[in-house]
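Peer 1: In the UniProt record's numbering, the protein residues as written are 1 to 195. The structure's right below; bear with me while I get my questions together.
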């Protein structure tokens with residue numbers, strides 16, 4: 001059987017921080033552009049209290065910019081948002097925080113393209129990574145898998161909503177987003193957000 005428990009180290013097949021063309025300014029490295037905490041919460045479906053706790057304890061720390069002192073803002077990359085969403089789903093299914101930490105450490109070593117090919121399964125105590133239908137079948141036939149999380153599904157959800165939020169560069173410049181549609185409702189929402 002080829003699946004691996006996430007407490008085993010596996011090689012990363014793509015460079016860390018690989019995010020594709022998700023941000024408006026393609027001339028900047030993707031690790032230099034991110035989203036503030038409130039946007040990260042909405043995108044990942046978590047509370048600000050969870051986000052703050054996970055950042056302070058190192059479970060999911062922002063990779064674009066961490067908060068330093070009063071008034072500073074954390075910035076979360078696309079990969080950070082994806083990991084936040086996966087953590088939320090693992091918590092919702094009853095996986096312990098200790099096992100989630102192991103899974104997060106493993107996911108952090110992967111590139112975004114690698115993450116898109118992963119389905120996470122858990123029997124409630126161990127989190128398993130499967131990258132092919134055969135591995136899923138092997139895991140389920142062994143009677144171990146109870147539930148699964150397709151990371152690519154979470155990635156599609158984030159990709160579908162991320163453009164509704166303002167991106168910000170690590171140097172503090174807010175990125176102007178291209179409108180997704182020219183309908184009146186979208187125009188009003190953008191106007192309300194910008195003042």
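Cβ atoms here follow ideal geometry from the backbone N, Cα and C, with glycine treated the same way.
#1: How many Å lie between residue 131 and residue 59 at the Cα?
#2: By the three-class DSSP mapping on this structure, what secondary structure does residue 57 have?
#3: Under 8 Å between the Cβ atoms of residue 82 and residue 158?
#4: Ordered along the chain, which non-local residues of its own chain (more than five positions away) have a Cβ less than 8 Å from that of residue 91?
#5: What does the Cβ neighbour count give for residue 181, buried or exposed, with the cut at 16 atoms within 10 Å?
#6: Determine the burial state of residue 66: buried for a count of at least 16 other Cβ atoms within 10 Å of its Cβ, exposed for fewer.
#7: What do you reckon, are the CB atoms on residue 123 and residue 146 nearer than 8 Å?
#8: Are the beta-carbon atoms belonging to residue 75 and residue 35 less than 8 Å from one another?
#9: My guess is that residue 40 and residue 51 are in contact by the Cβ rule of under 8 Å, so how many angstroms apart are they, rounded?
#10: Leaving out the 5 sequence neighbours to the left and right, which residues in its chain are closer than 8 Å to residue 94 when beta-carbon positions are compared?
#11: Taking only runs of the alpha helix (DSSP H) that begin and end inside the UniProt domain "HTH merR-type" (42 to 106), which ones reach a length of at least 4 residues, in chain order?
#12: Out of 161, 121, 134, 61, which one is the CA nearest neighbour of residue 105?
#13: Grab the span of the alpha helix (DSSP H) containing residue 132 for me, first residue to last.
#14: Could you check which residue in 155, 168, 88 has the C-alpha nearest to that of residue 114?
#15: May I have the straight-line CA-CA distance separating residue 117 from residue 133, to the nearest angstrom?
Peer 2: According to the structure data:
#1: 24 Å
#2: helix
#3: Residue 82 is a Cβ neighbour of residue 158, given a cutoff of 8 Å.
#4: 97, 100
#5: Any answer about residue 181 is weak, because its pLDDT of 45 lies below 50 and its placement is not dependable; what the coordinates show is given next. When all chains shown are included, residue 181 counts as exposed.
#6: exposed
#7: Yes, these two residues count as a Cβ contact at 8 Å.
#8: yes
#9: 6 Å
#10: 124
#11: 48 to 57, 78 to 92
#12: 61
#13: Looking at the DSSP string, residue 132 is not in any alpha helix (DSSP H), and its letter there is neither H nor E.
#14: 155
#15: 10 Å
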